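Residue numbering for the sequence shown is 284 to 433, as defined by the working numbering.
Idealized CB from N, CA, C, for every residue including glycine.
Computed from a prediction, not measured in an experiment: that's the story for all the values here.
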Amino acid sequence: MRAVIQRVSRASVTIEGKIKAEIGQGFLILLGVCDEDSSEDVEWLVKKIANLRVFNDDNGVMNRSILEIGGNCLIVSQFTLFASYKKGNRPSWFRAGSHEHSIPLYESFCQQLSEAIGKTVGTGEFGADMKVELINDGPVTICMDTKNKE
Numbered sequence: 284m285r286a287v288i289q290r291v292s293r294a295s296v297t298i299e300g301k302i303k304a305e306i307g308q309g310f311l312i313l314l315g316v317c318d319e320d321s322s323e324d325v326e327w328l329v330k331k332i333a334n335l336r337v338f339n340d341d342n343g344v345m346n347r348s349i350l351e352i353g354g355n356c357l358i359v360s361q362f363t364l365f366a367s368y369k370k371g372n373r374p375s376w377f378r379a380g381s382h383e384h385s386i387p388l389y390e391s392f393c394q395q396l397s398e399a400i401g402k403t404v405g406t407g408e409f410g411a412d413m414k415v416e417l418i419n420d421g422p423v424t425i426c427m428d429t430k431n432k433e
């Protein structure tokens, strides 16, 4: 499971011209799932993100988590995080998980993160053509891969 976590001042996702979800301060999370991922990957990633200390404290030091600031999360499925670009110039997506495998893990991730932060998370729509807008605060962008926990 791969995630790109962006600290944002605000973010939104629009589908077919209608805003599906929008948040203020918090995280925009782009989430990719592969067929090797499991519920253990979901649990590890949720815990890491909920406790990630990248929000400023009173001294301007990145020392607070999303829990401590009462921030929001917007989660967007992103199969392209598993692009293979080794051959030629057109990426292939053979490492991206199948819909049958990925959708339940994506939904589980959204539910568990919602429980972890104590509020409903915003979501995109799995497989939809989405327009994502954000104001990256910092900028702060962190990439995580559950297969590279070290």
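Who are the Cβ neighbours of residue i in its own chain at under 6 angstroms, not counting the five residues just before and after it?
i: Met284; result: Val316, Asp320, Asp324, Leu328, Thr429
i: Cys393; result: Ile358, Val404, Thr406
i: Lys414; result: Thr297
In terms of residue numbering, what span does the beta strand (DSSP E) encompassing residue i cover?
i: Pro422; result: 413-428
i: Ser292; result: 285-298
i: Phe310; result: 309-315
i: Ser370; result: The identity of residue 370 in the sequence shown is Lys, whereas the question assumes Ser. That residue, Lys370, is in no beta strand (DSSP E); it is neither H nor E in DSSP.
i: Ala304; result: 301-306
i: Asn346; result: 345-347
Do residue j and residue i come within 9 angstroms of each other at the CB atom, strictly closer than that value?
i: Val291; j: Ile425; result: no
i: Leu417; j: Ser295; result: yes
i: Ser367; j: Ser375; result: yes
i: Ile332; j: Phe310; result: yes
i: Leu350; j: Ile400; result: yes
i: Ile352; j: Gln308; result: yes
What do you get for residue i, buried or exposed, if any count of 16 or more other CB atoms within 10 angstroms of its CB means buried?
i: Phe377; result: exposed
i: Asn355; result: buried
i: Ser381; result: exposed
i: Val344; result: exposed
Can you give me the Cβ contacts of residue i inside the same chain, cut-off strictly under 7 angstroms, excluding the 5 residues immediately before and after it?
i: Glu408; result: Ile298, Lys303
i: Asp318; result: Gly380, Ser381, His384
Between which two residues does the alpha helix (DSSP H) holding residue i run?
i: Leu357; result: Unbroken run through Leu357 is the beta strand (DSSP E), 355-360; no alpha helix (DSSP H).
i: Lys330; result: 322-333
i: Leu388; result: 382-400
Would you say residue i lies against chain B (beta-carbon separation less than 9 angstroms)?
i: Gln395; result: Included in the structure is just one protein chain, with no chain B present.
By Cβ distance, which residues of its chain are closer than 8 angstroms to residue i, with the 5 residues on each side in sequence left out?
i: Asn334; result: Ser348, Leu350
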